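Asker: Chains as they are written, first to last, in the working numbering: chain A, 731 to 1188; chain B, 2 to 436; chain C, 8 to 97.
Quick one: structure below, then a few questions.
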């Protein structure tokens, strides 16, 4: 059968009995069996669970929001009774005794869980090359990376092995894999979606979000997972709805300077021209302090990582600390250093203050515009191994992502074409805190104007 | 003239009597529970778990701060304090640093530095080649009171700690029981040679360059012995010209000496940073303006001495147990001219144990002083009234709960203003109940 | 700016409860030095009178009612074991 590419197609098909949920699972599993060993997308496939849930859906209620929707989770989402590795040898046999809030909500909404997805170990990375279980290859071209750290979450969509997936974004980790795989993803506002049950990387930067093939699908999943759960004290319910007829989008001049790939520069310009209309205006804005965003991020994130990874001592669960990969060890070391006596003021506290400056600068800009547009990365996907040697170069890939995480604002990544190498291209739109609605409206506007159709590599 | 001045500071931990732990909803009271039977992903430090702060623990901390005359910080923050030890599941403890809930304050003239709130670690037991860990205590709320190093004698320390315990009980924030571990004590002790002409109060900034931490003391008796033993040890060492090390020591009852547990080389680097998972607490929005501090022990002492003209010893015994103090006052209301006798009976004969209701005690007093009892009819009416007012009790009695009779006798006595003949009341009651 | 030495790396490894091999130390030293130099550029930014941000929600008083629930509890009912701990906690 032709696997449906959107939630609507799936649910229409189920309701009209074009196919059953069990047949859907058959089709997805066949796809996984065919391609997974080559592309290394799934770490665990939950065949039995998928069939059990599919049978339930076939027997009963098909009206819940995600009924019959095949879902796969980045392997840092805890799934009760199902191995959760965080992409690391530390947890290679870990079976959690509870599920993440977002997992429970997605499954309560009728989704069918099909497996756990490969990722950079403990979400440390932006290419997928830091997984302790091998890199996930990009289905569009297997010599290329899939983006990270939610590498499997992006690849699973372009490999047509799942309808939706989940990921986390601490500095672009949901947006980049979507960007490299021709998919849509949302990094929500910090505090919109509970982080309970998701393995923590950097507590003040981590966000939990959905990936899908259309803005509609991503919005649907966001609405299922968002909101207070009584376990994450940083979450609030937002009732924001925009009634804008006209939108103003800012182009941060610091983002489109030297170093950006020419194809991406042109692509962004094309996007701007597409969106420009009597209802959408573009203005130049300036965010001078964002140039320090990466340095700020690379102090705050390792500090919080070194703290969050302290619990992996092999006593209550998992393997001992000798099983950490190189990148994890490096970040822990860096983090301990910037928090240590004598260095805390100059590094961590300084970074927290620069963060305040970045936030107020961005807040001020959102007084004048509704959204910001930017590339997701300075280059399209690169070849596996190409950037792996120099950690600093890898870090620069995060330069467009850091602003949203430092400020806690939402950002949506949307596909916008292909490079001359036939690799996906895309862009991101950012908005003020809890203004996801604006992002969904603008995203759908773009899809309509370009007659967007979801695409998969196979 | 004294050769050395004792410089002692205290760190007192009190386990507040909240229902749930500090950052999760496991039970706070872990006394006697089976190992790891009161744990959840949060207090076990499982991957993905997040802390969520207990409002009531904060309430109790602020209440204590107000009672001790502290300033309540406007903005309070939790911090992560990092170190590795098997009983600390996250490898950091959520505690406070720069913005504790309460700052300053004092008790019995001794200055307090601050009061902060934190979570406890699990318990480690040693069994041969293995160590066993029980996380029931992990994540339990813990209030920590840190004093300035302003104690100079052992008796000052003991009085302070006992008074603090009493205040905790009066405020109903904790039972502060040393034996049960709901109050724990650490003392920092150093000795400073007196310089020439004697001023008895050392300047705080004139502190010796070392301090010894005494830990793991679990009773007042041991506290006294341990302090005395340690002061003695330090004095002898200084007499012999030895340098004293910065270390942690425990007390050994068998040898009646302190022993070294850990040498502290340089200060541990806890890499504190503000806890990102817990937004700050704004106490002005938070403190309910009517956070009423009930009458504190010192106030009750003064009042009892003035109002009831009792001796210091008598007052101390009565106020050291809030239930007894209340009982006493209720009894005195019933028979104000028998105040001294009531006190005598309670203190010398523990008669309040025999009479759960103060009215019963008062009746006994009247009996002892051969006063006029209430009449037959009066007694019968009062009995009938009490029974009609307490239908549930009757059901209890019929279900076999005989002890309610004592309660009912007390109620009848109340109506008779203590003039009832207990025997007669009892007979009348049982007559009606047995119908 | 601060130049990292091998001693620094060993000290930080101890703080991090990580045992590094000699080759790891050799590898990390220049990498960490480079990153620290890079992030050290923050000293250029004027942050006088600026309050630090430790989280972006702008929330205060996110507190939980004092109730016990068993919905989260894990009944393990036995000790966790570890090789005998000889040192005392801090």
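For each residue, glycine too, the CB sits at the ideal point set by N, CA and C.
Being a predicted model, the structure only gives us computed values, none of them experimental.
1) Is the Cβ-Cβ distance between residue 90 (chain B) and residue 118 (chain B) less than 8 Å?
2) Ends of the alpha helix (DSSP H) at residue 1161 (chain A)?
3) For the segment 421-433 of chain B, enumerate the residues whose C-beta is nearer than 7 Å to any C-beta of chain C, in chain order.
4) In terms of alpha-carbon separation, which member of A:767, A:1147, A:739 lies closest to residue 889 (chain A)?
5) Of all the residues that make up the segment 141-168 of chain B, which are near chain C by a beta-carbon distance shorter than 7 Å?
6) Which term fits residue 924 (chain A), buried or exposed, when burial requires 16 or more other beta carbons within 10 angstroms of its beta carbon?
7) Ordered along the chain, which non-local residues of its own chain (more than five positions away) have a Cβ less than 6 Å from that of residue 1166 (chain A)?
8) Can you name the start and end residues of the beta strand (DSSP E) that residue 856 (chain A) belongs to?
9) Does the distance from the CB of residue 109 (chain B) to the CB of residue 26 (chain B) come in under 8 Å?
10) Look at the alpha carbon of residue 1096 (chain A) and the alpha carbon of residue 11 (chain C), and state the distance between them as a whole number of angstroms.
11) Among the residues of its own chain, which have a CB less than 7 Å from the CB of residue 32 (chain B), if the five just before and after it don't count?
12) Going along chain C, which residues have a C-beta under 8 Å from residue 270 (chain B)?
13) Counting only beta-carbon separations shorter than 8 Å, does residue 54 (chain B) have a partner in chain D?
14) Using a threshold of 8 Å, state whether the C-beta atoms of residue 116 (chain B) and residue 284 (chain B) are closer than that.
15) Name the residues in the segment 10-43 of chain C whose C-beta lies less than 7 Å from a C-beta of chain B; which are they?
16) Does residue 123 (chain B) get closer than 8 Å to chain A when you measure Cβ to Cβ?
17) Just the Cα atoms here: how many angstroms apart are residue 931 (chain A) and residue 1034 (chain A)?
18) Taking the C-alpha atoms as reference points, what is the distance between residue 1068 (chain A) and residue 274 (chain B)?
19) Secondary structure at residue 1082 (chain A), three-state DSSP: helix, strand or coil?
20) Can you give me, in chain order, the residues of the segment 87-113 of chain B that have a beta carbon less than 8 Å from any beta carbon in chain A?
21) Rounded to a whole number of angstroms, what is the C-alpha to C-alpha distance between residue 1128 (chain A) and residue 45 (chain C)?
22) Just verifying my parser: in three-state terms, what is the DSSP assignment at residue 1074 (chain A)?
23) Report the three-state DSSP secondary structure of residue 1028 (chain A) (helix, strand or coil).
24) Would you call the segment 892-910 of chain A in contact with the segment 15-29 of chain B, where contact means no fewer than 3 C-beta pairs closer than 8 Å?
25) State the Cα-Cα distance for the pair residue 367 (chain B) and residue 419 (chain B), rounded to the nearest angstrom.
26) Just how far apart, CA to CA, sit residue 1112 (chain A) and residue 770 (chain A)?
27) Can you give, in chain order, each stretch of the alpha helix (DSSP H) that sits fully within the segment 281-325 of chain B and has at least 4 residues?
28) Whose C-beta lies closer than 8 Å to the C-beta of residue 111 (chain B) among residues of the same chain, with five residues either side of it excluded?
29) Does the segment 1001-1009 of chain A come close enough to the segment 896-903 of chain A to have 3 or more Cβ pairs within less than 8 Å?
30) Interface residues of chain B around residue 73 (chain C) at Cβ under 8 Å?
31) Let's see if you can read the secondary structure: which residues bound the alpha helix (DSSP H) around residue 160 (chain B)?
32) For the segment 53-78 of chain C, which residues have a beta carbon sitting closer than 8 Å to at least one beta carbon of chain A?
33) Rounded to the nearest angstrom, what separates residue 321 (chain B) and residue 57 (chain B) at their Cα positions?
34) For residue 200 (chain B), which three-state DSSP category applies?
35) Need the endpoints of the beta strand (DSSP E) that residue 916 (chain A) sits in, please.
36) Which residues of chain C have a Cβ atom closer than 8 Å to the Cβ of residue 802 (chain A), listed in chain order?
Answerer: With the structure as the only source:
1) No, the Cβ-Cβ distance between residue 90 (chain B) and residue 118 (chain B) is not below 8 Å.
2) First-last for residue 1161 (chain A): 1154-1161, but that is the beta strand (DSSP E), not the alpha helix (DSSP H).
3) So the list is empty, because no residue satisfies the distance condition.
4) Closest option to residue 889 (chain A), Cα to Cα, is A:767.
5) Within the segment 141-168 of chain B, no residue has a Cβ that lies closer than 7 Å to any Cβ of chain C.
6) Around the CB of residue 924 (chain A), 16 or more other CB atoms lie within 10 Å, so the residue is classed as buried.
7) Non-local C-beta neighbours of residue 1166 (chain A) in its own chain, meaning closer than 6 Å and more than five positions away in sequence, comprise 1140, ordered along the chain.
8) Counting along the chain, residue 856 (chain A) sits inside no beta strand (DSSP E), nor does DSSP assign it H or E at all.
9) In terms of Cβ geometry, residue 109 (chain B) and residue 26 (chain B) do not form a close pair [threshold 8 Å].
10) About 41 Å.
11) 181.
12) Under the 8 Å cutoff, chain C gives 22.
13) The chain labelled as chain D is not found among the protein chains of the depicted structure, namely A, B and C.
14) Cβ distance not < 8 Å, so residue 116 (chain B) and residue 284 (chain B) don't count as in contact.
15) Under the 7 Å Cβ criterion, the segment 10-43 of chain C contributes 22, 24.
16) At least 8 Å separates the CB of residue 123 (chain B) from every CB of chain A.
17) The straight-line gap from Cα to Cα measures roughly 7 Å.
18) It is roughly 11 Å from the alpha-carbon of residue 1068 (chain A) to the alpha-carbon of residue 274 (chain B).
19) Here DSSP, grouped into helix, strand and coil, assigns residue 1082 (chain A) to helix.
20) Identification of residues in the segment 87-113 of chain B having a C-beta nearer than 8 Å to some C-beta of chain A yields 87, 90, 91, 92, 93, given in sequence order.
21) Linking residue 1128 (chain A) to residue 45 (chain C) through their CA atoms gives a straight-line distance of about 14 Å.
22) Under the three-state reduction of DSSP output, residue 1074 (chain A) falls in the coil class, being neither helix nor strand.
23) DSSP places residue 1028 (chain A) in helix when its eight states are reduced to three.
24) Contact between the segment 892-910 of chain A and the segment 15-29 of chain B is absent, because fewer than three Cβ pairs lie under 8 Å.
25) Here the C-alpha atom of residue 367 (chain B) lies approximately 8 Å from the C-alpha atom of residue 419 (chain B).
26) Cα-Cα distance, rounded: 17 Å.
27) DSSP runs (the alpha helix (DSSP H)) wholly in the segment 281-325 of chain B: 284-287, 298-309, 313-320.
28) So the qualifying residues of the chain are 148, 149, 151, 152, 157, 161.
29) By the Cβ test, the segment 1001-1009 of chain A is not in contact with the segment 896-903 of chain A, since fewer than three Cβ pairs between them sit closer than 8 Å.
30) 19, 20, 21, 55, 56, 57, 58, listed in chain order.
31) Looking at the DSSP string, the run of the alpha helix (DSSP H) that includes residue 160 (chain B) is 155-171.
32) Of all residues in the segment 53-78 of chain C, 54, 57, 58, 59, 60, 61, 62, 63, 64, 66, 69, 70, 71 have a Cβ within less than 8 Å of some Cβ in chain A.
33) Roughly 25 Å separates the two Cα atoms.
34) Confidence is the limiting factor: at residue 200 (chain B) the pLDDT is only 47, short of 50, which leaves the residue's position unreliable, though a coordinate-based value still follows. For residue 200 (chain B), the secondary structure class from DSSP, reduced to helix, strand or coil, is coil.
35) Start and end: 914-917.
36) By Cβ distance, chain C contributes nothing, its closest Cβ being about 26 Å from residue 802 (chain A), past 8 Å.
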